[in-house]
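**Student:**
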Amino acid sequence: PNATLSGFVTAGGEPVVGIMVEVVDMELSQTYSTTTGPEGSYSVTGIAGAFARIIIATDARYLPYFGDTIAIGPDGATFDVELELAPTGIGTLTGLVRDRDTTQPIEGATVTLRLDGVGNWSVTTLSDADGRYSFADVPYGTIRLDAFRMAEPSLDLAGYDFTTIAVLVTPSQPDRIRDIRLRAVPT
Numbered sequence: 008p009n010a011t012l013s014g015f016v017t018a019g020g021e022p023v024v025g026i027m028v029e030v031v032d033m034e035l036s037q038t039y040s041t042t043t044g045p046e047g048s049y050s051v052t053g054i055a056g057a058f059a060r061i062i063i064a065t066d067a068r069y070l071p072y073f074g075d076t077i078a079i080g081p082d083g084a085t086f087d088v089e090l091e092l093a094p095t096g097i098g099t100l101t102g103l104v105r106d107r108d109t110t111q112p113i114e115g116a117t118v119t120l121r122l123d124g125v126g127n128w129s130v131t132t133l134s135d136a137d138g139r140y141s142f143a144d145v146p147y148g149t150i151r152l153d154a155f156r157m158a159e160p161s162l163d164l165a166g167y168d169f170t171t172i173a174v175l176v177t178p179s180q181p182d183r184i185r186d187i188r189l190r191a192v193p194t
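Going left to right, the sequence shown walks through residues 8 to 194 as our numbering numbers them.
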């Protein structure tokens, strides 16, 4: 079957125009993409599986949407999405990068901050000699921190595995402290 999933994307009751909507066919692990039209409408045709999920990686105006599983019948399905407006403002995010087992600070770890739902927006820093990292002007929302350290045998520095953690920066908690623990790569 080649079913259609369609609906409207709104925020505060108003249509959201020109935002990308991804529909994931849960059975075939296939992703279909479209952009909302002038009335906030979307439509994806060709879904072969019986279940799908809608994902909307929004811009900074809205919180990202990761929908529940939707049953797709032979005649398709209709599913409307109401996005939440993103809080506005900025905060800070600081912390220490430590060895997971020894708790010792890790110098020279690469720490990348990503704001979920805002495309490829990111900023990167290195932890200092005391393992400290810091980001200023962090927009409110769900922040993803990626951290690792490449081994540098010439400097006698061990490598550390890549890890990702999530942090929520909100008006009630604008200045967050979040330590990151990394696992040493066996040599």
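All residues carry an ideal CB built from backbone N, CA and C; glycine is no exception.
1) Could you give the distance in angstroms between the alpha-carbon of Asp108 and the alpha-carbon of Arg190?
2) Touch check for the stretch 148-155 and the stretch 168-176: three-plus C-beta pairs under 8 Å?
3) So for Ser161, helix, strand or coil by DSSP?
4) Using C-beta distances below 6 Å, list every residue in its chain close to Thr132, excluding the 5 sequence neighbours before and after it, in chain order.
5) Where does Val118 fall in DSSP's three states?
6) Could you check where the beta strand (DSSP E) with Met33 kicks off and where it finishes?
7) Cα separation between Met27 and Thr11?
**Tutor:** Taking the geometry as given:
1) Within the sequence shown, the letter at position 101 stands for residue 108. Within the sequence shown, the letter at position 183 stands for residue 190. Taking the straight line from one Cα to the other gives about 7 Å.
2) yes
3) Numbered from 1 along the sequence shown, position 154 holds the residue referred to as residue 161. If DSSP states are grouped into helix, strand and coil, Ser161 belongs with the helices.
4) Looking up residue 132 in the sequence shown gives position 125. Correct list, in chain order: Val118 and Tyr140.
5) Within the sequence shown, the letter at position 111 stands for residue 118. Strand, per DSSP.
6) Residue 33 sits at position 26 when you count from the first residue of the sequence shown. Run containing Met33: none; DSSP gives neither H nor E here.
7) Sequence index remark: in the sequence shown, residue 27 carries index 20 (1-based). Sequence index remark: in the sequence shown, residue 11 carries index 4 (1-based). Each residue's Cα considered, the two are about 17 Å apart.
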